[in-house]
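Under numbering that gives the first Met the number 0, read the sequence shown as residues 0 to 296, first letter to last. Take a look at the structure below.
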Amino acid sequence: MDPVIEIVGLCKRFGSKQAVDHLSVSIPRGSIFAFLGDNGAGKTTTIRMLTGLMRPDAGRSSILGQDCWKAAAALRHKVGYMPERPKFYDWMSVHELGWFTAGFHKAGFLERYEQLAERYRLDAGAKLKHLSKGQYAKVALALALAVDPEVLVLDEPTSGLDLLVRREVLGSMVDLAAEGRTILLSSHQIAEVERVATHVAFLASGKLLLTASMDELRQRVMRYRLRYEQQAPDASPLGKVLERNGSGKLWQAVVLDPIRPAVEQLRDGEDVFDFEETPLNLEEVYCALLTQKEGRP
């Protein structure tokens with residue numbers, strides 16, 4: 000793995016609230032890496048530290064080998080950033096905003112921005128205050144991509160957009176990753192990210208619950224469902240039990256990092272019938288992780 004973004008022991012506190020709590024994540028080159036979690040999970044605070052907009056209280060983070068806080072100005076020419084709620088000078092037109100922003104960037108920015116605006120079907124003469132929310136988001140994405148970034152950071156890029164625009168934005172990420180760019184995005188809309196993400200990190204209350212590639216995740220978190228005749232099986236030998244439930248003679252458990260010999264022993268048990276082993280989707284994994292974290296049965 001060739002890490003492009005490295006986060007080690009990152010912390011940020013606001014008063015009595017620990018927004019980010021000793022977060023450590025490594026993000027490989029060319030990946031579409033998703034920070035997933037509910038509002039308040041620490042996603043936006045982490046992204047603000049990565050983009051040099053906020054200084055961490057402890058820990059460190061780097062992008063392309065450069066410290067995110069100390070080298071923030073230099074990284075802005077290599078990292079495209081789309082905030083959760085972009086806010087521009089709304090009296091400007093689409094073209095004027097690109098012309099204004101180009102003054103802070105290297106040669107070629109304006110030409111790329113104009114090409115992107117045309118691709119996104121944005122009217123160059125339209126005032127920003129008259130754009131729809133979807134069009135406004137496309138302007139923000141065009142500005143982020145006009146940097147010609149090696150790394151693209153998107154904070155809740157599809158929040159509040161209609162279905163077709165969300166699909167368009169998410170689909171563009173696959174094309175960008177295919178070009179060799181690394182994409183970090185945050186979202187609380189977990190189900191739709193599953194279509195594009197190659198790697199995920201689940202966050203809750205500023206803490207990392209689990210991080211894995213999508214391929215690893217399908218092997219690491221499994222649901223076991225069966226019927227038994229006499230006595231309910233003990234789930235604890237199977238691995239780390241995230242959920243355990245069922246009704247009547249139906250038994251099921253969600254297990255992190257299952258222990259194969261124990262699984263096979265359960266499958267072959269004399270009192271076990273209709274044994275099933277299935278991976279979970281991202282939303283189911285997140286719910287199971289939260290259930291385990293909060294100590295619910």
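C-beta atoms are modelled at their ideal positions from N, C-alpha and C, and glycine is treated no differently. Just so we're clear, the structure is a prediction, and the values are computed from it rather than from any experiment.
Item                                                                                                                 : Value
Buried or exposed by the 16-neighbour rule on C-beta atoms within 10 Å, applied to S171                              : buried
Local Cβ density within 10 Å of F34, reported as buried at 16 or more and exposed below that                         : buried
Distance, D89 Cα to E113 Cα                                                                                          : 18 angstroms
Beta-carbon gap between M53 and R47 smaller than 7 angstroms                                                         : yes
Separation of R226 from G238, as counted between CA atoms                                                            : 20 angstroms
Other residues of its chain near S25: CB distance less than 6 angstroms, five sequence neighbours each side excluded : P2 and E5
C-beta contact flag for M81 and L127 at 7 angstroms                                                                  : no
Endpoints, the alpha helix (DSSP H) within which F87 is located                                                      : Neither: F87 is in no alpha helix (DSSP H) and is coded neither H nor E.
Anticipated Cβ contact below 8 angstroms, G179 with D147, distance rounded                                           : G179 to D147, Cβ: 12 angstroms. No contact.
Through-space distance from P236 to K248, alpha-carbon basis                                                         : 20 angstroms
The segment 145-160 touching the segment 173-188, judged by at least three CB pairs closer than 8 angstroms          : yes
Exposure label - I258; buried when at least 16 CB within 10 Å                                                        : exposed
Nearest-angstrom beta carbon gap, V150 and V301 [assumed within contact, 8 angstroms]                                : With the chain represented from 0 up to 296, any question about residue 301 goes unanswered, as that position is not in the structure.
Cβ contact (3+ pairs, closer than 8 angstroms) linking the segment 264-276 and the segment 208-226                   : yes
Alpha-carbon spacing of E110 relative to A101, whole angstroms                                                       : 9 angstroms
Cα-Cα separation, P296 to Q251                                                                                       : For P296, the pLDDT reaches just 48, beneath the cut-off of 50, and the residue's location in the model is therefore unreliable, although a value from the coordinates is still provided. Cα to Cα, the separation comes out at about 12 angstroms.
Cβ neighbour criterion (16 or more within 10 Å) applied to K42                                                       : buried
Beta-carbon proximity of A123 to H104, cut-off 7 angstroms                                                           : no
Distance between A261 and T50 (C-alpha atoms, nearest Å)                                                             : 45 angstroms
Pairwise C-alpha distance: L209 and L162                                                                             : 28 angstroms
Residue ranges of each alpha helix (DSSP H) within the segment 194-257, 4 or longer                                  : 213-219
Alpha-carbon spacing of S61 relative to A71, whole angstroms                                                         : 10 angstroms
Cβ neighbour criterion (16 or more within 10 Å) applied to K69                                                       : exposed
Run of the beta strand (DSSP E) containing K16, from where it starts to where it stops                               : K16 to P27
Neighbour-count burial assignment, V7, 16 or more Cβ in a 10 Å radius                                                : exposed
Under the three-state DSSP convention, the category F99 falls into                                                   : helix
Which of helix, strand or coil DSSP assigns to L127                                                                  : helix
Residue from N244, A231, G36 and S30 with nearest C-alpha to G268                                                    : A231
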